[in-house]
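Colleague: So for the sequence shown, my numbering puts the first residue at 31; every next one is plus one.
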Amino acid sequence: MIKILVTENENLIEENTGSTIYIPQCSFSFSYMEKTNIKSLTGNLILRGNSGTFVIHDYDNKIYSINAMLNSTISFFKNGEIFEYKVLVKKIEDGRLYLDNIRFLPTDTTFSMVWNNSAILYNKELNKKNRVDIIKLGGDAVIFTVDKNSDLARELLDNIKGEFHIHIKESIDEIELDTTLNIKIVKYYLGYGYTFICRYLNIQSGQKDLILRLLFRKQMENRKWKTKLLVD
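(1) Give the single residue among Asp-124, Ile-150, Asp-188 whose Cα lies nearest to the Cα of Asp-163.
(2) Taking the alpha-carbon of Asp-239 as reference, which of Ile-196, Glu-123, Gln-55, Gly-168 has the nearest alpha-carbon?
(3) What does Tyr-128 pair with, by DSSP beta-bridge criteria?
(4) Per the DSSP calculation, Glu-193 is bridged to which residue(s)?
(5) Could you tell me the distance, in whole angstroms, from the CA atom of Tyr-115 to the CA atom of Asp-138?
(6) Compare the C-alpha of Glu-251 against each of Tyr-219, Asn-212, Thr-210, Asp-203 and name the closest.
(7) Does Gly-82 pass the burial test, meaning 16 or more other C-beta atoms within 10 Å, or should it be called exposed?
(8) Would you kindly work out how many angstroms separate the C-alpha atoms of Ile-34 and Ile-215, rounded to a whole number?
(9) Could you name the residues of the same chain whose beta carbon sits closer than 6 Å to that of Asp-130, not counting the 5 residues immediately before and after it, in chain order?
(10) With DSSP as the reference, identify every bridge partner of Thr-175, one or two as the case may be.
(11) Here's the rule I'm using: 16 or more other beta-carbon atoms within 10 Å means buried, otherwise exposed. How should Glu-155 be labelled?
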């Protein structure tokens with residue numbers, strides 16, 4: 031059995047090969063032929079130790095070469111948090127991907143937290159602004175969701191190789207973040223909506239420090255809130 035244990039900072043997998051675990055509504059993301067040609071498939075995941083089977087929804091018999099599949103990852107949501115795993119594709123057969131060497135992949139190399147607020151996304155190519163829902167904020171990356179049937183989702187997919195600006199305005203106590211960041215989509219997942227993982231481009235040290243200070247303050251607030259609940 032695989033148990034998924036969630037802490038504030040990491041996801042740990044505890045192995046016991048005696049049984050399996052079923053995770054519905056997952057996304058499989060990969061770059062095909064080149065890093066900028068990003069693909070995403072939805073399906074269900076069956077885990078067995080560090081191996082698993084991904085059953086594709088609405089399989090259309092499209093043939094993918096395993097050797098051309100780069101940076102393959104699986105993601106799913108648990109308790110409002112997105113979890114991402116690096117995987118090795120061993121075989122593709124009848125709408126099933128047979129996976130091996132499944133390893134937890136942090137979405138941020140510094141520090142990140144689940145976030146629940148909106149931001150303004152600016153598309154430089156189309157000169158358009160749209161509101162997006164941020165679900166995770168970090169020192170190196172930001173993750174937001176978009177309705178899968180929206181015009182914005184189609185615009186982002188059509189300009190997947192482009193650069194965007196995102197304006198984030200947040201404040202906690204005396205810490206105020208009001209900044210615009212240059213971002214690039216590095217991965218997306220299709221589930222109930224589109225989830226886009228974006229890296230900051232040429233972020234200034236002052237911007238990054240302020241984001242991290244805001245995150246640490248948010249973490250302290252969360253801990254105080256949890257302590258108060260336990261006391262009450």
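Just so it is clear, CB atoms sit at the ideal spot from N, CA and C, and this is done for glycine as well.
Modeller: Taking the definition as stated:
(1) Ile-150
(2) Gly-168
(3) Thr-83, Lys-121
(4) Lys-214
(5) 13 Å
(6) Asp-203
(7) buried
(8) Reliability fails at Ile-34, whose pLDDT of 40 lies under 50, so the model's placement of it is uncertain and no value is given.
(9) Ser-81, Leu-118, Lys-120
(10) Asp-163, Thr-225
(11) exposed
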